[in-house]
Amino acid sequence: MYVLQTWRIVSFTGAFLMASQVLPLELIDKCIGSRIWVVMKSEREFTGTLLGFDDFVNMVLEDVTEYEMTPQGTKKTKLGQTLLNGNNICMLIPGSDGPES
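Taking our numbering, I'd label the letters of the sequence shown as residues 40 to 140.
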């Protein structure tokens with residue numbers, strides 16, 4: 040399991056505090072209810088409102104736009120809700136509305 044660490048410096052003492060740990064799933068949890076851009080391992084990308092996820096980062100999105108990159112251009116499809124397999128997710132961009140923004 041990966042752990043991201045942030046350091047805080049106390050200015051009046053000049054000392055370092057202990058590193059606070061932020062787990063990746065905690066960061067994703069903070070995105071629930073907000074817009075998120077999901078880049079898949081394939082030539083597909085999704086934007087939507089994150090409704091929930093599990094320990095395998097399977098995600099449920101609503102008000103979804105799917106972007107499929109083809110040699111002819113980008114195919115755009117509107118979906119009500121979708122379930123994304125976490126094993127196929129490459130990257131998450133919180134607060135973004137996808138390749139058009």
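All residues carry an ideal CB built from backbone N, CA and C; glycine is no exception.
Bear in mind the structure is a predicted one, so any value in this text is a computation, not a measurement.
Beta-carbon gap between residue i and residue j smaller than 8 Å
| i | j | result |
| --- | --- | --- |
| isoleucine 75 | leucine 89 | yes |
| serine 81 | proline 133 | no |
| threonine 86 | glycine 119 | no |
| valine 77 | leucine 123 | yes |
| threonine 116 | glutamate 105 | yes |
| glycine 125 | methionine 108 | no |
Beta bridge counterpart(s) of residue i as assigned by DSSP
| i | result |
| --- | --- |
| proline 133 | Ile75 |
| glutamate 84 | Val78, Tyr106 |
| glutamate 101 | Thr88, Gln120 |
Simplified DSSP assignment, three categories, for residue i
| i | result |
| --- | --- |
| threonine 94 | According to the sequence shown, residue 94 is aspartate rather than threonine. Aspartate 94 falls in the coil class under three-state DSSP. |
| valine 49 | Note that valine 49 scores a pLDDT of 43, beneath 50, so its modelled location is shaky and nothing firm can be said. |
| methionine 40 | The pLDDT assigned to methionine 40 is 38, lower than 50, so where the model puts this residue is not dependable; a value taken from the coordinates is nonetheless given after this. DSSP places methionine 40 in coil when its eight states are reduced to three. |
First and last residue of the uninterrupted alpha helix (DSSP H) at residue i
| i | result |
| --- | --- |
| leucine 143 | As shown, the chain starts at 40 and ends at 140. That puts residue 143 outside it, with no answer to give. |
Range of the contiguous beta strand (DSSP E) that encloses residue i
| i | result |
| --- | --- |
| glycine 119 | 112 to 123 |
Whole-number beta carbon distance between residue j and residue i, since they are thought to touch under 8 Å
| i | j | result |
| --- | --- | --- |
| isoleucine 71 | valine 96 | Not a contact, Cβ separation roughly 13 Å. |
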